[in-house]
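Reminder that position 53 of the first sequence reads as 56 in the numbering used here, one-by-one numbering, no gaps.
So the structure is just underneath, and the comments pick up after that.
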Amino acid sequence: MDNLPVIVLDFETTGLSPQYGDRAIEIGAVLIENDGIADRFQSLMNPGFRISSFIEAYTGISNDMVETAPPCAEVMQQFAEFMGHYPLVAHNASFDRKFLDLELGLIGKSRNSDMACSMLAARRIYPDAPNHKLGTLVRYCGIHTDGTFHRALADAEMTGHLWLAMINEIKAGYGVTRVPFDLMQKIAGIARVQAPVFLAKVAAGQF
DNA sequence: TGCCAGGCCCTCTTTAGGGCCTT
C-alpha cells in the first residue's frame, strides 16, 4: 500500500457560518485507499428550516429535497461510523471543520482525527495554477469529472482525486516513494518562502 | 427571510490590512 487511507469529505450547507445558525444540508465523503476510491458516503439531510434561494441555485439542492431527507442527527450518526479514526481531508478544511465539529457536537460526538487542507497543499504544490478553487485545480490537473459541481459527493470525489494527484506529483517531482498524511499536512502548513527548502529536504529523504 | 464569517496566508508585516476559499 502506497498511501495510508484517508477520508475526503465535503459539506453543502445553508450558508457560510454556523455562528449565524447555518447547518449542513448534504455530506459527501470518499475513502481513499491504495491510490483510489475504495468507498463512498453521501446523504442529504434536513436542517429543520427552509434554505435560501441562493443556496438552492448554488447547489441544486431544493427545499423539497431536504424536507424529505433524514435529519442531520441521523445522518451524522451514520457518517461518524464511516469516518472512524481515519485522517481527514477537505478543500478549504477550515470551512468543513467548522460544520463537522458543529454537527458532531450536536449528537454528543467529537472529531478524533486531524484534518488536512487540500487547498493549502495545492498552493504549495501547484503555485502556478490560475487560482486554487477546487474546480480550477480539477481542470488544471486534468481530473475527469461528470460536470457536477457544488454537490457533496461530486466535490469529495474531485478533492480525493486532487489529493492523489498531489501525492503523485510529490513522488514524481521529489523522488520519494511514500507520501504520508503528515508530510502532506506539513506541505500545506509551510510558508511559501520556506517551501523550496522544505521540498528539497523531502527530495533528499530528510523527512 | 435575507444576510452573514473566519481561518489562513501574504506583504509595501508583526502596533495591520487585504485577498483567497468555502456555502
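Cβ coordinates follow ideal geometry from the N, Cα and C atoms, glycine included.
Worksheet entry | Cβ-based neighbour list, A159, same chain, cut-off 7 Å, excluding 5 preceding and 5 following | Translated into positions along the first sequence, residue 159 becomes position 156. Non-local C-beta neighbours of A159 in its own chain, meaning closer than 7 Å and more than five positions away in sequence, comprise V11, L12, D13, G31, A32 and V33, ordered along the chain.
Worksheet item: Roughly how many angstroms lie between the CA atoms of M122 and T71, to the nearest whole one?
Response: What you label residue 122 is simply residue 119 of the first sequence in a count that begins at 1. What you label residue 71 is simply residue 68 of the first sequence in a count that begins at 1. Between M122 and T71, the alpha-carbon positions lie close to 33 Å from each other.
Discussion item. Let me make sure I understand the geometry here. Which of T180, F102 and H94 has the alpha-carbon closest to that of G18?
Written reply: Walking along the first sequence from the start, residue 18 turns up at place 15. Looking at the Cα atoms, F102 is the closest of the given residues.
Worksheet item: Since L214 contacts V69 with CB under 8 Å, what's their CB separation in whole angstroms?
Response: Beyond the ends of the chain as shown, which are 4 and 210, falls residue 214; an answer cannot be given.
Worksheet item: Does the distance from the CB of V92 to the CB of M118 come in under 8 Å?
Response: The residue labelled residue 92 in the question sits at position 89 within the first sequence. The residue labelled residue 118 in the question sits at position 115 within the first sequence. The Cβ atoms of V92 and M118 lie closer than 8 Å to each other.
Fill in: Best match in K112, K189 and E172 for proximity to Q81 [C-alpha to C-alpha]
Stepping through the first sequence from its first residue, residue 81 is reached at position 78. Selected option, being the one with the closest Cα: K112.
Worksheet item: Counting along the chain, where does the beta strand (DSSP E) carrying L91 start and finish?
Response: The count along the first sequence starts at 1 and reaches residue 91 at position 88. Residue range L91 to A93 is occupied by the beta strand (DSSP E) that includes L91.
Fill in: Rounded C-alpha distance that separates A96 from N37
Position 93 of the first sequence, counted from the start, is the residue given in the question as residue 96. Position 34 of the first sequence, counted from the start, is the residue given in the question as residue 37. One Cα belongs to A96, the other to N37, and the distance between them is close to 23 Å.
Practice prompt. Could you tell me the distance, in whole angstroms, from the CA atom of R181 to the CA atom of G108?
Written response: Here residue 181 refers to the residue found at position 178 when the first sequence is read from its first residue. Here residue 108 refers to the residue found at position 105 when the first sequence is read from its first residue. R181 and G108 have their C-alpha atoms roughly 35 Å apart.
Practice prompt. Report the rounded CA-to-CA distance for V141 versus N6, giving the unit in angstroms.
Written response: Numbered from 1 along the first sequence, position 138 holds the residue referred to as residue 141. Numbered from 1 along the first sequence, position 3 holds the residue referred to as residue 6. For V141 and N6, the gap between their C-alpha atoms comes out near 21 Å.
Worksheet item: DSSP state of M118, grouped into three classes?
Response: The residue you call residue 118 lines up with position 115 of the first sequence. Correct three-state label for M118: strand.
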